[in-house]
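In the numbering used here, the protein residues as written are 430 to 841.
C-beta: ideal position from N, C-alpha, C; glycine also.
Quick caveat: nothing in here was measured; it's all calculated off a predicted structure.
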Ligand SMILES: Cc1cc2nc3c(=O)[nH]c(=O)nc-3n(C[C@H](O)[C@H](O)[C@H](O)COP(=O)(O)OP(=O)(O)OC[C@H]3O[C@@H](n4cnc5c(N)ncnc54)[C@H](O)[C@@H]3O)c2cc1C
């Protein structure tokens, strides 16, 4: 019987342990936290959005994974959304697909999924060691020695590093000593504070959600944009499109200290001419109505009031009274709203870390290190991250499954 030391009892580590057959290799899971799968229990607002129906081989992975799209394509050829749902069904977790493609357990309970996953790992012979913070990993003859913060050590034939996105500095250094490089770290999937959020006009918008909006930033010579639902909040903006933009521009926004110009297009597919016509019709045909009581293009009244105030138009004035320069401003705002990002509000978003173990040092058919035999990686500790919608957990399960499958084959 071989021993696998799993560093990290999170999504990737426990899934790998559950994927083992418990015959020729047994996993010992060492987790720094008080109980395993602590983060999984908080995912999807406590419901756990654990995969997405768009994770199929034919997908455009660049849309979902700002870093690691090609590696994910390779992993998904063996572990797609169906394989993922079937694996969880075997563990006792039936699932459902929401209209937008997000997949949740039928129970809508992240705790339920976490408990079933732990149970499956135990049935595969896994043993859990909590409050066990690994601080170093060294080669020892044919195997490894893992050292812990309390001074204890563990000898293992193979090691799976699955410690998530937050690295213990000493553990990180010991991997560097084994030759592994790290891609730079940056937070990803966050909401954005905006300078305009302090203005009285913005107060109208807070709490409003708008579909299919395009937002983008230009940082240096690089342009980034994302489309989808946006949520206006008292501090700025959030929602799937904002989080996706934060993921694609994660490194550049960090470098710019979260200070950048942002554009927002409420009608990204509408030609300028159509917008101009709408504003002209407003002035001509509805001249006798108060402008705050009419709106163009079905804009919700909160957003309409904001646009009027930003264009310098008194909402109580009549449509026929809109001065020419104010009508021009309104037209410009309907095409594109310019805003200024001033920061990243704490605790607003899903939050994952981009960066980590360099992908080129890993064989993605086995998840084994290309530099050190019998050393494996899975989950967020690798330089792979996705947008919101179940893509990050899928990456954790897919890498864990690949590592588990190759360990079984190796020690048959
Ligand atoms: C609030 C929140 C909500 C989220 N919701 C979703 C969602 O709905 N869908 C989705 O796809 N993604 C979601 N995510 C992201 C997702 O949770 C992560 O991508 C995923 O958990 C990564 O799995 P992992 O196993 O790599 O890391 P983790 O799940 O973070 O597990 C790492 C484990 O390693 C342990 N550890 C760390 N260092 C050491 C050490 N030195 N020694 C021993 N143990 C160590 C930690 O205690 C932890 O248990 C969410 C994240 C957050 C924060």
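When you measure from the CB of residue 460 to every non-hydrogen atom of ligand 1, does any distance come out below 7 Å? For the purposes of this step, residue 460 is taken as residue 31 along the chain shown, with counting starting at 1. Yes, since a heavy atom of ligand 1 falls inside the 7 Å radius drawn around the Cβ of residue 460.
**Study point:** residue 583, enclosing beta strand (DSSP E) - first and last residue
**Key:** Position 154 of the chain shown, counted from the start, is the residue given in the question as residue 583. Counting along the chain, the beta strand (DSSP E) containing residue 583 begins and ends at 582 to 585.
(request) Jot down the residue ranges of each uninterrupted beta strand (DSSP E) in the stretch 667 to 736, minimum 3 residues, whole runs only, in chain order. (result) 689 to 694
Inspect the CB distances between the stretch 452 to 465 and the stretch 501 to 519 and report whether three or more fall short of 8 Å. no
Count the other C-beta atoms from every protein chain shown that fall within 10 angstroms of the C-beta of residue 833, then say buried if there are 16 or more, exposed otherwise.
-> In the chain shown, counting from the first residue as 1, residue 833 sits at position 404. Residue environment for residue 833: buried (at least 16 other C-beta atoms within 10 angstroms of its C-beta).
- Backbone CA spacing between residue 689 and residue 807 [nearest angstrom]: As a first step, residue 689 must be located in the chain shown, where it is residue number 260. As a first step, residue 807 must be located in the chain shown, where it is residue number 378. Going by the C-alpha atoms only, they are around 34 Å apart.
Item to complete: Using only the heavy atoms of ligand 1, determine whether one of them is closer than 7 Å to the beta carbon of residue 626.
Response: One-based indexing of the chain shown puts residue 626 at position 197. Residue 626: no, Cβ never under 7 Å from ligand 1.
### Query
Secondary structure at residue 528, three-state DSSP: helix, strand or coil?
Here residue 528 is taken as the residue at index 99 of the chain shown, counted from 1. In this structure, residue 528 counts as coil in the three-state DSSP scheme.
Where the beta strand (DSSP E) through residue 505 begins and ends
The residue given as residue 505 occupies position 76 in the chain shown. Not the beta strand (DSSP E): residue 505 falls in the alpha helix (DSSP H), residues 498 to 505.
Exercise for the section: Starting from the N-terminal side, write out each stretch of the beta strand (DSSP E) that is 3 residues or longer and does not extend beyond the stretch 456 to 500. Expected result: none
- Taking 8 Å as the cut-off, decide whether the C-beta atoms of residue 644 and residue 674 are in contact. Translated into the one-based positions of the chain shown, residue 644 becomes position 215. Translated into the one-based positions of the chain shown, residue 674 becomes position 245. A contact, by the Cβ cut-off of 8 Å.
Exercise. Mind checking which residues open and close the beta strand (DSSP E) that includes residue 600?
Key: Taking the first residue of the chain shown as 1, we reach residue 600 at position 171. Unbroken run through residue 600 is the alpha helix (DSSP H), 598 to 606; no beta strand (DSSP E).
Run through DSSP, which three-state label would residue 592 get? One-based indexing of the chain shown puts residue 592 at position 163. Of the three classes helix, strand and coil, the one that applies to residue 592 here is coil, per DSSP.
(Q) Within a Cβ cutoff of 8 Å, which residues of the same chain sit near residue 468, ignoring the five residues on either side of it in sequence? (A) Residue numbering aside, residue 468 sits at position 39 when the chain shown is read from its first letter. Closer than 8 Å at the Cβ level, and outside the excluded window around residue 468, lie 439, 440 and 593.
**Prompt:** Which term fits residue 524, buried or exposed, when burial requires 16 or more other beta carbons within 10 angstroms of its beta carbon?
**Reply:** Mapped onto the chain shown, residue 524 falls at position 95. Its Cβ being crowded by 16 or more others within 10 Å, residue 524 is buried.
For residue 774 and residue 653, I'd like the C-alpha separation in whole angstroms. Indexing the chain shown from 1 puts residue 774 at position 345. Indexing the chain shown from 1 puts residue 653 at position 224. Residue 774 and residue 653: Cα-Cα distance of roughly 20 Å.
Any heavy atom of ligand 1 inside 7 Å of the beta-carbon of residue 478? Here residue 478 is taken as the residue at index 49 of the chain shown, counted from 1. Correct: residue 478 has its Cβ closer than 7 Å to ligand 1.
Does at least one heavy atom of ligand 1 sit under 7 Å from the Cβ of residue 789?
Numbered from 1 along the chain shown, position 360 holds the residue referred to as residue 789. Incorrect: residue 789 has no Cβ contact closer than 7 Å to ligand 1.
*Endpoints, beta strand (DSSP E) assigned at residue 565*: Indexing the chain shown from 1 puts residue 565 at position 136. Where residue 565 is concerned, the enclosing beta strand (DSSP E) stretches over 563 to 569.
Subject >> residue 764 versus residue 810 - alpha carbon distance >> reply: The residue you call residue 764 lines up with position 335 of the chain shown. The residue you call residue 810 lines up with position 381 of the chain shown. When rounded, the distance between both Cα atoms is 41 Å.
* To do: Could you pull out every residue in the same chain whose Cβ sits closer than 6 Å to the Cβ of residue 397, ignoring the five residues on either side in sequence?
  => Missing from the structure shown is residue 397; the chain here goes from 430 to 841 and no further.
**Request:** Compute the beta-carbon to beta-carbon distance between residue 637 and residue 729, rounded to the nearest angstrom, for a pair I have assumed lies under 8 Å.
**Result:** Taking the chain shown and counting its residues from 1, the one referred to as residue 637 is at position 208. Taking the chain shown and counting its residues from 1, the one referred to as residue 729 is at position 300. Between residue 729 and residue 637 the Cβ distance is about 6 Å, and since that is below 8 Å, they are a contact.
Just to confirm, does residue 821 get its C-beta within under 7 Å of one of the non-hydrogen atoms of ligand 1? For the purposes of this step, residue 821 is identified with residue 392 of the chain shown, where counting begins at 1. Yes, since a heavy atom of ligand 1 falls inside the 7 Å radius drawn around the Cβ of residue 821.
So residue 500 packs on residue 818, CB below 8 Å; how close in whole Å? In the chain shown, the residue the question calls residue 500 occupies position 71. In the chain shown, the residue the question calls residue 818 occupies position 389. At roughly 18 Å, the Cβ-Cβ gap does not stay under 8 Å, so residue 500 and residue 818 are not in contact.
What do you reckon, is the C-beta of residue 592 under 7 Å from a heavy atom of ligand 1?
On the chain shown, residue 592 is found 163 positions in, with the first residue counted as 1. Under cutoff, so the answer is yes.
Next item on the list: Note the first and the last residue of the continuous alpha helix (DSSP H) segment covering residue 833.
Entry: Along the chain shown, read from residue 1 onward, the residue named residue 833 stands at position 404. Looking at the DSSP string, the run of the alpha helix (DSSP H) that includes residue 833 is 820 to 839.
Item to check | Best match in 588, 558 and 550 for proximity to residue 448 [C-alpha to C-alpha] | outcome: For the purposes of this step, residue 448 is taken as the residue at position 19 of the chain shown. Selected option, being the one with the closest Cα: 550.
Just to check my reading of the structure: residue 758 and residue 741 have Cβ atoms closer than 8 Å, yes? What is that Cβ distance to the nearest angstrom?
Working through the chain shown from its first residue, we reach residue 758 at position 329. Working through the chain shown from its first residue, we reach residue 741 at position 312. 6 Å between Cβ atoms; contact.
CB of residue 810 to nearest heavy atom of ligand 1: below 7 Å? Counting from 1 along the chain shown, the entry for residue 810 is found at position 381. Residue 810 Cβ: within cutoff of ligand 1.
Close beta carbons around residue 705, own chain, < 6 Å, minus the five adjacent residues each side: Within the chain shown, residue 705 is the residue found at index 276, counting from 1. Only 760 meet the Cβ criterion.
Problem set entry | Per-residue burial, residue 545 [other beta carbons within 10 Å of its own, 16 or more giving buried] | One-based indexing of the chain shown puts residue 545 at position 116. Buried.
### Query
Among 711, 567 and 597, which one has its Cα closest to the Cα of residue 585?
Mapped onto the chain shown, residue 585 falls at position 156. With distances taken between Cα atoms, residue 585 lies closest to 567.
Examine ligand 1 and report whether any of its heavy atoms sits within less than 7 Å of the Cβ of residue 574.
For the purposes of this step, residue 574 is identified with residue 145 of the chain shown, where counting begins at 1. Not so, every heavy atom of ligand 1 lies at least 7 Å from the Cβ.
* Asked: Is the distance from the Cβ of residue 762 to the Cβ of residue 739 below 8 Å?
  -> Reading the chain shown from its first residue, position 333 is the one you call residue 762. Reading the chain shown from its first residue, position 310 is the one you call residue 739. Yes.
Checklist entry - Relative to ligand 1, is the shortest distance from any of its heavy atoms to the C-beta of residue 676 smaller than 7 Å? => result Position 247 of the chain shown, counting from 1, holds the residue named residue 676. Not so, every heavy atom of ligand 1 lies at least 7 Å from the Cβ.
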